[in-house]
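For reference, each letter of the sequence shown is one residue, going 1369 to 1690 in the working numbering. C-beta atoms are modelled at their ideal positions from N, C-alpha and C, and glycine is treated no differently. All values derive from a computational prediction rather than experimental measurement. Some notes on the structure that comes next.
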Amino acid sequence: MIVDRQGRQFRNLRISLTSACNYACTYCVPNGKRLVAAQDELSAEAMARGVAYLIEAAGIERLRITGGEPLVSPKLESFMGQVGKMGLADISLTTNGQLLARKLPLLIDAGIRRLNVSLDTLDPVAFRAIARGGDLLTVLDGMTQASAAGIKIKVNMVPLRGANLDQVMPMLDYCLERGYELRFIELMRMGHLASDSNGFLQQFVSLQQLLALIGEQYEYLQADAPVDATAVRYQIPDKGFFGVIANESVPFCRTCSRLRLSSTGWLHGCLSSSNRHYVGDLLDKPRHEALPALQRLLVRALGDKQDVAFSGGATVMKIIGG
Ligand code: SAM
1369 MIVDRQGRQF RNLRISLTSA CNYACTYCVP NGKRLVAAQD ELSAEAMARG
1419 VAYLIEAAGI ERLRITGGEP LVSPKLESFM GQVGKMGLAD ISLTTNGQLL
1469 ARKLPLLIDA GIRRLNVSLD TLDPVAFRAI ARGGDLLTVL DGMTQASAAG
1519 IKIKVNMVPL RGANLDQVMP MLDYCLERGY ELRFIELMRM GHLASDSNGF
1569 LQQFVSLQQL LALIGEQYEY LQADAPVDAT AVRYQIPDKG FFGVIANESV
1619 PFCRTCSRLR LSSTGWLHGC LSSSNRHYVG DLLDKPRHEA LPALQRLLVR
1669 ALGDKQDVAF SGGATVMKII GG
C-alpha cells in the first residue's frame, strides 16, 4: 500500500467520465460554453481498466463518477456495467440532475444507491443566471423520482454572495422536508478563481457565515462524520442533517484520501496542485506491465497533496471532476 508521512493513502477515486457538460456554471466555466468534450477522451473500457488497476495498485475502495456531466456521456452505460462487477465498497455519482429522470433505470440497474445532485438555487431566474443551461423543474422532478426509487440524495449547493445567498434557507427547508441532505460547498479557488482573488472574495461565503444564517432559524448540533470526510456535518434535531464542505474554513488536507482520474487519462493527487500524471498509455498495457509503472506514478501523485490547507488550483473543476 502507498502511504505518505502523514499516514494518508488513496482510498477514494473520482473519475471524470467526460469534460462535456450541459451547464456552464459561472464559478466553474468562465467562458460560458457548454458541452465541450476533450478530443482525446479515453474509452469506457480504458477507464474501467483504470479503475481495476487502481483498485490493485492504490487500494481504492470507493468510486465516485463525476465530470463534466457524467449523464451526458455515451460511455456511461458501458462504464457502469464494468465497474459494477469490481467489488468496490461503494459506487456513487455526482450529477447536475438534468438527465436524472431519463437515466434513472440505467443507474438503478448499475447498482447506484446514492447520488449527489448539484443545485444552487430554487429560484428559476437565479438558476438560469448561475447554471447557464438546463431547467430547474426538470432537476427537481429527477430528484423526486430518484428518491421515490429508494436512492439516497445529497444536494450540493455552492453559496455565492450576490447570486444565491437568499436561497440558503429555502434550499435547506426544501431538502429537510424531503429527506435530502444538503451539502453547502464553500467556493473554491479553482480555475479562473485561482487567479482572481477579488472575484473570489466578492462571492465567497464561509462556514461561519452559513452557520450564523442557519442559526437564526434552527438549533443545530455537530454530528459524527468519518475520519476522512470532506464535510463538517450538523444535525437539526427532529428535522435532519446538513453539511458544509469548508475547504477554506476547515481544511481537510491532513486526512484527504482522494485520487482523481480525468477523462483524458491524467491522475491528479490533489485539487490544489498543478501536477498531474499521465496514465492513459498504461491502461492499454497488460496488468503485469501496467501496475509497477502505475505504482511509481501513484507515489508522485500522493506527494502532490498539500500538507495542511487547500490553496487553490488552476485546473477547471469540470475537467478534474469536483
Ligand atoms: N456536472 C456534475 C455536477 O454538476 O454535479 C459533476 C461535476 S461538477 C464540476 C461537481 C461539483 O463541483 C458541483 O457540485 C459544482 O457545484 C462544484 N464546483 C465546481 N466549481 C466549483 C468551485 N470553484 N468551488 C466549489 N465548487 C465547485
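Between Ile1604 and the rest of its own chain, which residues show a CB-CB distance below 6 angstroms, the 5 nearest in sequence each way excluded? Result list for Ile1604: Tyr1586 and Tyr1588, in chain order.
Cβ-based neighbour list, Ala1517, same chain, cut-off 8 angstroms, excluding 5 preceding and 5 following: Taken in chain order, the residues that qualify are Leu1472 and Ile1476.
Going by DSSP, what residue range makes up the alpha helix (DSSP H) through Ile1370? Boundaries for Ile1370: no alpha helix (DSSP H) harbours it, and the DSSP string shows neither H nor E there.
Taking the alpha carbon of Gly1583 as the point to measure from, which residue in Val1536, Cys1624 and Arg1470 has its own alpha carbon closest? Minimum Cα distance to Gly1583 is reached at Val1536.
From the DSSP secondary-structure annotation, give me the bridge partner or partners of Gly1608. Answer is Ile1604, bridged to Gly1608.
Have a look at the DSSP bridge pairing and note the partners of Ala1599. Answer is Ile1613, bridged to Ala1599.
Can you tell me whether Arg1557 is buried or exposed? The criterion is at least 16 other CB atoms within 10 Å of its CB, across all chains shown. With a 10 Å radius around the Cβ and a threshold of 16 neighbouring Cβ atoms, Arg1557 comes out buried.
I'd like to confirm something about Ser1565: is its beta-carbon nearer than 8 angstroms to some heavy atom of the ligand SAM, or not? No.
Once the 5 residues before and after Met1369 are set aside, which same chain residues still bring their CB inside 7 angstroms of it? Excluding positions up to five away in sequence, the list reads Gln1377 and Gly1427.
Counted within 10 angstroms of its Cβ, other Cβ atoms place Asn1524 as buried (16 or more) or exposed: Asn1524 is buried by the Cβ-count criterion.
Confirm, please, whether the CB-CB distance from Arg1546 to Arg1402 is below 9 angstroms. Against a cut-off of 9 angstroms, the Cβ pair of Arg1546 and Arg1402 comes out as no contact.
Taking only the alpha-carbon atoms, compute the straight-line gap between Glu1424 and Leu1659 and give it to the nearest angstrom. Approximately 8 angstroms, taken between the alpha carbons.
Tell me which same chain residues have a C-beta within less than 6 angstroms of the C-beta of Ala1608, skipping the five on either side of it? Here residue 1608 turns out to be Gly, not Ala, going by the sequence shown. Only Leu1544 meet the Cβ criterion.
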